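The next block holds one structure in the form of structure tokens; read it before the comments.
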Amino acid sequence: MYAVTRKLRALKPVFRTLRRKKGDLSLIIKLAAEFLGTVQNLLQTHRHNALLIRLEQCCKLVFLKATKLEQIMLQQSAKIQWLKGGDQCSRIFSQKVAMRRASKQVFQIMDEDGRIHTTREEVANEFVSFYQRLLGDDRRQEFIDLRYLRPWARHVLTPEECRVLVQLLSGEEIKDVFFDIAEDKALGPDGYSSGFYKAAWSIIGEELAPSMVSDFRPISCCNVLYKVITKIIVHRLRLVLDSLISSSQNAFVPGRSIGDNILLAGELFTRYNRQGLPMRCALKVDLRKAYDTVEWDFLIVVLHMFGFLSTFISWIEECVTTPMFSVCINGNPHGFFKGARGLRQGDPMSPFLFVLVMEVLQLMLQQLIEQNEGFSFHWRCKELGLFQLCFADDLLLFCRADVASVTVFERGWTNLQNYLGGPAAAKVPQTSSLSFDFIKSNCQPFLLKIDSRIKSWESIQLSFAKRLQLIKSVLMSLNVYWAMAFILPKGIIREIEKRIRSFLWKGNSSVGYPKVAWKVVCRGIRDILALNKALMSRHLWNVIQNNQSSIWVKWIVHTRLRHKSVWTVDEKGGSSWWRKLIRLRSALLPHIEFKIGDGESFSLWHDPWHSLDPLINRFPRGPGLTNTSLSAKPSLVIAEGKWRWPPITDMECLEIIHLLPSIHNGNDYIQWRGCTFTTKIAYDIFRSPGPKVRWYSLLSGPCKIPSVLSLDSVSERDEIRFGLCGQTVHGGWILYGLRGDGQDDT
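In UniProt numbering, the protein residues as written are 1 to 746.
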């Protein structure tokens, strides 16, 4: 690895020399276009000249190659991710680069004493001084021992798990990591993108295939090479992270969704300001500069506490503790200092390490709670022993509203902030009462975000096709995060659609008369209401499957359902969003299969395992007629793998026996009919598809606009227009020609 970095460094002067020899790219494009136009003009009068034809082909190749290079360069500078194909869009890229440069300029800054600095040197010095204090201030602490927290840890790595983390690398593993990095990512200080490594893989691939991770030298490399090293560590760290992190922390943990924490927080805050309920307290703790203030010594101790091998820890330590920083102000680097603490933003490894650090707070609080008899849980969290929800660097803490309980929290985060090196701020609301219901007024930040995106595009003259692409790839993706965690009010959906519709037809968000009905437009653009229902149905599917890895599902089962079935629970109970979520179950039921095995997982009367749906809805007197209880399971009427129902004489219940499903060996389970549940499948359920035409099967694959050469740009255009006649024709188009015998030449 060290040899590769030396060779790449030696290669940079060669590239600089080559660039000087090639000259200015913009000038090359201008000259190539002029020369191509001159040759094509000559071809108008000498259209059969073989030399001019070959010369035109060569000029086209030079021009297209130069414009392609300009497009790649401008696209990297503009950082436009939504445009992956189509025309060259050089004008759009140039405008975007100019806008980015203008918006990123810093002309003045205020220091901590309130003084305003306006000169370039003063602004740069203020930034360098701030970040040198933040990242370069060495605050090494005394010996830290966290082994006392191990009894409260969810899991400590086993020797077998540790061996997997430090196993030998393969060349294929390294190649997969390289090719997983997008080519259009921003270049690092060394100027080499991942596209360079991919293109030159046949040359440098063998040199980038060491036998052990320790063969890498992160101190000597950065940029793409550094990301490859950390991605390899991350791929292995992901294998064990789920077993180490508690269920109250879902951010960055593979297989978990932060939407579960959002849903649970919404449940706990529902009717929070209502009088007559038990005393309750919620604290929001914001960890300022959390990434930048993590002490390295503390991070290493945390890794040892969770049982990581010293070899694996040394790899992480080598990556984390070796950065050198410069602050880029208005396009120019200033200062150069060594880091002393903090996790690098943008490092693939940083989120996973920070999650491990935040797990220590969970363990500290858990240890203090169990050892302090004065602590009382929040009345809706007691059954699960829940006291915190973690959203990366934001915390929600829940307890009973008394001094003893809040004091436990204060002791816990005071200990943690000493290790993190920065203060924690508990936010206090400015109003005496708050509304925690998800209503239209709460969505204004979301609408403002859409407005700001549209406004940033108004200065760029975008065609209809480009506006459509922006809607699909950018504006619709903004909806996904909100639609994943909340059932959006219909008024908000109308406001979103109004803005998107105006941008599609006019290029801005002003109100106007649409040219086509929105339900027709949505055949090519996702319907927001259907998308919202599809994303929320994922959470309902987790409840149906009783996914115990989700803390929200656990809470719903213990608090909302309380030994009831999700299929027969009353829609009138609970919060408004829970009632809306429950209403989606009727749309999902026809696509779900219940497989009966031992009969221990389903409710005999309340779950729709029978083709007649929940039997209690069809036969309310069934439990009494069959001498079974409402809480009975199918195993009660199964013996030796066969149905053994008690004698039924009532004609009303005989239908149950005649339509019984088959029994298989094993446990009961639920599956999606014919495939695996996905959001895309759920979206197809909730949207309103139009009628299928007979020829729909002829259109295979997505609709694409072909790239064509305009007829006026073709040098032989007159022959194409009038070649069928064999004579000169002035004006008009020839739709068909005549044969010599006078018949139509079709």
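From the three backbone atoms N, C-alpha and C, an ideal C-beta is built for every residue, glycine too.
Keep in mind the model is a prediction, meaning the values are calculated, not measured.
Query                                                                                                           : Result
Nearest-angstrom beta carbon gap, V39 and L55 [assumed within contact, 8 Å]                                     : 5 Å
Per-residue DSSP class, three states only, for F127                                                             : helix
Host beta strand (DSSP E) of D349 (start-end)                                                                   : Before going on, a small fix: residue 349 reads as Met here, not Asp. Here M349 belongs to no beta strand (DSSP E), and DSSP marks it neither H nor E.
Local conformation of C58 per DSSP, three classes                                                               : helix
Whole-angstrom C-beta distance between I496 and N479, which should lie under 8 Å                                : 7 Å
Backbone CA spacing between R411 and F375 [nearest angstrom]                                                    : 12 Å
Under 7 Å between C-beta atoms of P661 and I596                                                                 : yes
L361 versus H378: straight-line alpha-carbon distance, rounded                                                  : 18 Å
Contact between the stretch 345-352 and the stretch 143-155 (3+ Cβ pairs under 8 Å)                             : no
Touching by the beta-carbon criterion (3+ pairs, under 8 Å), the stretch 223-234 and the stretch 50-68          : no
C328 - DSSP class collapsed to helix/strand/coil                                                                : strand
Complete runs of the alpha helix (DSSP H) confined to the stretch 486-564 [at least 4 residues]                 : 490-506, 518-521, 528-544, 551-555
Rounded separation between S246 and Q371 - CA only                                                              : 19 Å
Neighbourhood of Q388 by C-beta, 8 Å cutoff - its chain only, sequence neighbours within 5 removed              : S248, L361, Q362, L365, L395, L396, L397, F398
Reduced DSSP secondary structure (H/G/I, E/B, other) of G731                                                    : For G731, the pLDDT reaches just 43, beneath the cut-off of 50, and the residue's location in the model is therefore unreliable, although a value from the coordinates is still provided. G731: coil per DSSP, three-state reduction.
Reference L25, options V4, Q44, V62, closest by Cα                                                              : V62
Extent of the continuous beta strand (DSSP E) run through I592                                                  : 592-595
Residue burial classification, L168 (beta-carbon count within 10 angstroms, cutoff 16)                          : exposed
Proximity test, K227 beta-carbon vs the ligand HEM heavy atom, cut-off 6 Å                                      : The ligand HEM is not part of the structure shown, which contains no ligands of any sort.
DSSP state of F677 mapped onto helix, strand, coil                                                              : coil
Span separating the alpha-carbon of D137 from that of C390                                                      : 28 Å
Euclidean distance between Cα positions of T118 and N330                                                        : 13 Å
Nearest residue (CA-CA) to Y226, options L356, T5, S473, G342                                                   : T5
C-beta contact flag for A483 and N532 at 7 Å                                                                    : yes
Rounded separation between L42 and K515 - CA only                                                               : 45 Å
Three-state secondary structure assigned by DSSP to I181                                                        : coil
Spatial neighbours of H610 in its chain, beta-carbon cut-off 6 Å, leaving aside the 5 residues before and after : none
Three-state secondary structure assigned by DSSP to V224                                                        : helix
Of the residues F602, G191, R133, F325, the one placed nearest K289, counting alpha carbons only                : R133
For Q44 and F722, the rounded distance between their alpha carbons                                              : Summary for F722: the model assigns pLDDT 45, below 50, so the residue's position carries little reliability; its value from the coordinates is reported in the next sentence. C-alpha separation (whole angstroms): 15 Å.
For W672, the three-state DSSP class (helix, strand or coil)                                                    : strand
The stretch 520-534 / the stretch 465-481 touching (three or more Cβ pairs under 8 Å)                           : yes
Straight-line Cα distance separating N546 from L659                                                             : 26 Å
Burial state of C443 (16 or more Cβ within 10 Å)                                                                : buried
Exposure label - C59; buried when at least 16 CB within 10 Å                                                    : buried
The stretch 253-266 contacting the stretch 299-317, beta-carbon criterion three pairs below 8 Å                 : no
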